[in-house]
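Following: one structure in structure tokens, then a few remarks.
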Amino acid sequence: MTPPVAQRTDAPRILARCRELVRPALGQAVRQMHPWHAEITAFSLGWDGSDGRAAPGAQGKGIRQTLALLGAEAVGGKAESAVLGAVAVELIHTFSLLHDDIMDGDETRRQRATAWKAYGTGPAVLAGDALFALAVQTLAGAPGNACGQAVRLLAGTLDELVRGQADDLLFETRPWTGPDAVQPHEYRVMAEQKTGALLGCAAGLGAVLGGAGRSETDALTAAGRHLGVAFQAVDDVLGIWGDPEITGKPVHSDLRRRKKTYPVLTALAAGGPASLRLGALLRTGEPLDDRTARRAAGLIEEAGGRSAALAEADRHLERARACLGSVTLAAEPRADLLLLLPYLVERTV
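Per our numbering, the sequence shown starts with residue 264, numbered consecutively.
Take a look at the structure:
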């Protein structure tokens with residue numbers, strides 16, 4: 264699944280081009296917020312102040328805004344036509360991270376403190392609420408006849424996103440094994456809602472604002488959703504085996520938090536000796552120290568959880584490619600999308 268050298272070189276260029284196109288409008292939107300919320304948002308976006316200057320090592324790749332702009336170009340529109348859609352999805356993504364970090368108790372993101380640790384829980388919640396409202400307001404200001412369709416697409420995505428987050432939290436209350444245990448197929452549905460829906464929305468908004476018809480919009484939305492599931496599967500692998508120097512999180516961080524992620528759930532469902540030993544280890548409810556976490560990670564790998572998660576990512580990448588091939592798209596942006604798919608999933612931050 265590792266992209267060729269040329270792709271690894273070209274992909275950052277594509278992402279950087281799209282970030283530069285979106286950054287002025289994103290900065291303008293953030294400056295409309297209450298100064299306190301703008302400060303917290305700028306911090307969360309990895310900016311050194313609300314004017315959009317990136318702080319070293321703290322900025323994300325800009326996946327969603329890139330999908331929006333390439334989605335518009337792929338259907339024959341201009342990238343600029345999708346800038347407000349790109350801003351809206353970036354604001355929603357930041358809102359979701361602010362609240363997600365609080366719910367998960369995550370103290371670091373991109374190798375620095377999360378917003379709730381830096382500013383407090385209450386301020387981070389309020390900033391997230393402000394971002395939610397600003398995203399809808401921003402998209403509602405998009406010119407042209409596509410505005411209503413775009414807002415409806417975003418509203419449906421928001422409903423899916425919070426449903427996925429609700430299921431993710433409810434999974435924590437269910438047992439590791441037995442008839443009430445979380446099954447891998449349930450996790451797939453949650454991942455598509457929590458992660459896939461917003462990536463699909465980004466590409467779909469680009470298509471809508473770029474003037475696409477129904478078939479092109481549906482194909483790009485579906486491609487983004489499949490990318491999101493692949494993205495989540497790899498994220499789950501990194502949450503157990505990722506290098507702390509690269510991910511910014513401790514090794515085995517998801518295991519220590521006892522998160523029910525795809526590698527764990529598929530390992531538990533495998534039913535072999537390693538699966539049974541893993542279930543017995545997790546059912547104790549005891550905190551996982553370094554030794555126990557290493558043992559659990561080894562059992563997950565032995566039971567096939569790691570390979571299953573990577574295979575899941577590969578399957579959804581292939582489905583994303585099939586979606587992009589199912590309709591007529593402009594050649595160069597389609598090629599850029601195909602190039603980005605494996606690069607984004609093979610991320611290390």
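We put the beta carbon where it would ideally sit given N, CA and C, even for glycine.
Span separating the alpha-carbon of residue i from that of residue j
i	j	result
residue 558	residue 443	25 Å
residue 547	residue 450	22 Å
residue 591	residue 600	14 Å
residue 540	residue 527	12 Å
residue 538	residue 579	25 Å
residue 281	residue 359	21 Å
residue 257	residue 536	Outside the shown range of the chain (264 to 612) lies residue 257, about which nothing can therefore be said.
residue 274	residue 441	44 Å
residue 438	residue 475	46 Å
residue 288	residue 402	12 Å
residue 330	residue 495	17 Å
residue 598	residue 501	27 Å
residue 512	residue 470	35 Å
residue 562	residue 427	28 Å
residue 542	residue 508	30 Å
residue 587	residue 341	18 Å
residue 583	residue 484	10 Å
residue 606	residue 372	20 Å
residue 514	residue 593	42 Å
residue 297	residue 277	32 Å
residue 581	residue 575	10 Å
residue 552	residue 522	15 Å
residue 545	residue 302	41 Å
residue 489	residue 477	18 Å
Residues bridged to residue i (per DSSP)
i	result
residue 371	376
Best match in the options for proximity to residue i [C-alpha to C-alpha]
i	options	result
residue 448	343, 532, 306	532
residue 413	437, 386, 348	348
residue 387	370, 300, 329	300
residue 564	487, 342, 525	525
residue 572	382, 454, 340	454
residue 609	505, 567, 561	505
residue 406	593, 345, 523	345
residue 604	577, 595, 594, 593	577
residue 410	389, 483, 467	467
residue 556	517, 569, 277	517
residue 424	522, 456, 415, 390	456
residue 491	298, 465, 508, 294	465
residue 570	499, 277, 545, 278	499
residue 283	302, 297, 350, 431	350
residue 473	373, 445, 596, 534	596
residue 393	324, 568, 292	292
residue 530	446, 429, 552	446
residue 376	390, 361, 522, 545	361
residue 324	296, 343, 286, 297	286
residue 434	589, 520, 567, 326	520
residue 503	452, 391, 585, 560	560
residue 493	480, 482, 452, 432	452
beta-carbon residue i near the ligand FAD non-hydrogen atom, thresh 7 Å
i	result
residue 381	Absent from the structure shown: the ligand FAD. Ligands present: none.
Which ranges would you report for the alpha helix (DSSP H) in the stretch 388-465 if only whole runs of at least 4 residues count?
410-434, 447-454
Per the contact definition of three or more C-beta pairs closer than 8 Å, is the stretch 346-358 in contact with the stretch 381-397?
yes
Stretch-stretch touch, CB-based, cutoff 8 Å, three pairs: the stretch 452-461 with the stretch 414-434:
yes
My parser needs the beta strand (DSSP E) runs of 3 or more residues fully inside the stretch 536-594; what are they?
none
Evaluate the contact criterion for the stretch 333-342 versus the stretch 365-374: three or more CB pairs, one atom per stretch, below 8 Å.
no
Only counting runs of 4 or more residues, tell me where the alpha helix (DSSP H) segments fall wholly within the stretch 471-514, in order along the chain.
477-504, 507-510
Any chance the stretch 292-306 sits against the stretch 369-385, with 3 or more Cβ pairs inside 8 Å?
yes
Kindly provide the ranges of any alpha helix (DSSP H) runs that are 4 or more residues long and lie completely inside the stretch 314-361, ordered along the chain.
326-337
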